[in-house]
Amino acid sequence: MKPALPAAILTVPLAHRALHDAAGGRPENSRAAIRAAMAAGYGIEIDLQLSSDGCAMVFHDSDLDRLADASGPVRARTRSDLQAIPLKDGDGEGIPDLPEVLDLVAGKVPLLIELKDQHGQMGLTDGGLERATAAALKGYGGPVAVMSFNPNSVAELAQLAPDIARGITTSAYDPSEWPELPKAVCDDLRGIPDFARTGASFISHEAADLPRPRVQALRNDGVPVLCWTVTSAAEETAARVFADNVTFEQYLSPLTP
């Protein structure tokens with residue numbers, strides 16, 4: 405039997421890449437942003453990339469340039485190298501790894517973890533990021549779930565961490581917004597064809613596309629639907645008609661919607 409999504413992930417708004425605010429000295433996916441989300445009582449969504457030595461690093465982009473004081477692929481650097489690279493708009497802190505973040509959160513708030521596609525075009529995975537994630541999560545006692553846009557990654561997680569709730573991050577897959585993907589791949593993924601084979605417990609869908617019939621059919625069948633990413637109270641109100649919880653940024657979501 406596939407694991408159920410923890411109830412807390414459905415009831416507490418999820419701070420996108422933690423409660424980040426560059427102007428406030430809290431970069432995306434940073435320790436400062438994680439602490440701020442916890443202090444406010446929010447759940448936390450974070451992203452993972454893989455280091456060159458096989459460690460799960462809490463960082464969104466595949467390249468360092470936008471978010472850190474370095475350039476080039478995350479995957480080309482070791483864990484220790486990445487930990488020493490300061491995040492932009494922060495207090496000099498480096499990139500955290502997943503075990504450190506798990507120790508920091510320690511089950512106090514729900515945690516939603518997205519594994520970023522490592523190989524492009526949502527193809528087969530070599531399992532490196534999935535193995536690192538599963539190893540870090542072994543024995544973690546707090547409310548947690550994992551997800552990925554790449555269904556092959558979700559299927560790998562089903563084998564490596566079968567007791568952890570897993571989901572597919574889904575989208576309208578407008579080809580103009582996914583230039584790295586062939587149109588045929590966009591057309592395929594748009595229909596969420598891999599939900600059953602991956603043993604997924606939930607989806608997290610693009611907020612503007614929530615009314616899509618396939619998404620609402622899953623919800624009508626009892627599948628929890630999260631969404632990404634709402635940026636105002638008005639967007640949240642609209643999204644909650646079609647979704648069970650939101651991932652938010654740029655404003656403070658009410659803790660009791």
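If you use this note's numbering, the sequence shown corresponds to residues 405 to 661, in order. By construction, the Cβ of each residue, glycine as well, lies at the ideal position given by its N, Cα and C atoms.
(1) Compute the Euclidean distance between the alpha carbons of Glu584 and Asp613, then round it to the nearest angstrom.
(2) Under a three-way DSSP split, which group does Ser590 fall into?
(3) With DSSP run on the structure shown, which of helix, strand or coil describes Arg430?
(4) Looking only at its own chain, which residues have a Cβ that is under 6 Å from the Cβ of Thr529, when we skip the five neighbours before and after it?
(5) Does the stretch 575-589 come within contact of the stretch 530-537, defined as at least 3 CB pairs closer than 8 Å?
(6) So if DSSP puts Leu491 in a beta bridge, which residue, or which two residues, is it bridged to?
(7) Does DSSP put Ala604 in a helix, a strand or coil?
(8) Could you tell me which uninterrupted beta strand (DSSP E) segments, each at least 3 residues in length, are contained entirely in the stretch 513-575, listed from first to last along the chain?
(9) Report all residues from its chain with a CB closer than 7 Å to the CB of Pro477; omit the five preceding and five following residues, and keep chain order.
(10) Spatial neighbours of Ala643 within its chain, please: C-beta separation below 7 Å, excluding the five flanking residues on both sides.
(11) Are Ala621 and Thr537 touching if we call contact CB-CB under 7 Å?
(12) Check whether the stretch 442-459 and the stretch 418-426 are in contact - that is, three or more C-beta pairs closer than 8 Å.
(13) Excluding five sequence neighbours on each side, which residues of the same chain lie with their C-beta closer than 8 Å to the C-beta of Arg479?
(14) Pick out whichever of Leu519, Pro547, Ala472 has its Cα sitting closest to the Cα of Lys512.
(15) Identify whether Gln654 lies in helix, strand or coil by the three-state DSSP scheme.
(16) Spatial neighbours of Tyr655 within its chain, please: CB distance less than 7 Å, with the 5 preceding and 5 following residues excluded, ordered by chain position.
(17) Hey, out of Thr573, Asp501, Cys590, His609, whose CA is closest to Thr602's CA?
(18) Once you ignore the five residues that flank Arg439 on each side, which residues in its own chain have a CB closer than 8 Å to its CB?
(19) Drop a sphere of 10 angstroms on the beta-carbon of Ser475, count the other beta-carbons inside from all chains shown, and report buried for 16 or more, exposed for fewer.
(20) Is Ser605 near Met551, with beta carbons less than 7 Å apart?
(21) If the criterion is Cβ atoms closer than 7 Å, does the pair Arg435 and Pro500 meet it?
(22) Can you find the residues in the same chain that come closer than 8 Å, C-beta to C-beta, to Gln525, ignoring five residues on each side of it along the sequence?
(23) Asn624 bridges to which residues according to DSSP?
(24) Grouping DSSP H, G and I as helix and E and B as strand, with all else coil, what is Val509?
(25) Rank Lys492, Arg470, Glu504 by C-alpha distance to the C-alpha of Gly428 and give the top, closest one.
(26) Of all the beta strand (DSSP E) runs that stay within the bounds of the stretch 434-474, which reach a length of 3 or more residues?
Let's see:
(1) 20 Å
(2) Sequence check: residue 590 is Cys here, not Ser. The answer is helix: DSSP assigns Cys590 an H, G or I state.
(3) strand
(4) Asn556, Ser557, Glu560
(5) no
(6) Ala472
(7) coil
(8) 515-519, 548-552, 569-574
(9) Ser466, Asp467
(10) Ala611, Leu614, Cys631, Val634, Val650
(11) no
(12) yes
(13) Gln453, Leu454, Ser455, Ser456, Ser466, Gln522
(14) Pro547
(15) coil
(16) Thr635, Ser636, Ala637
(17) Thr573
(18) Leu508
(19) exposed
(20) no
(21) yes
(22) Glu584, Leu585, Pro586, Val589
(23) DSSP lists no partner for Asn624.
(24) helix
(25) Lys492
(26) 447-454, 460-462
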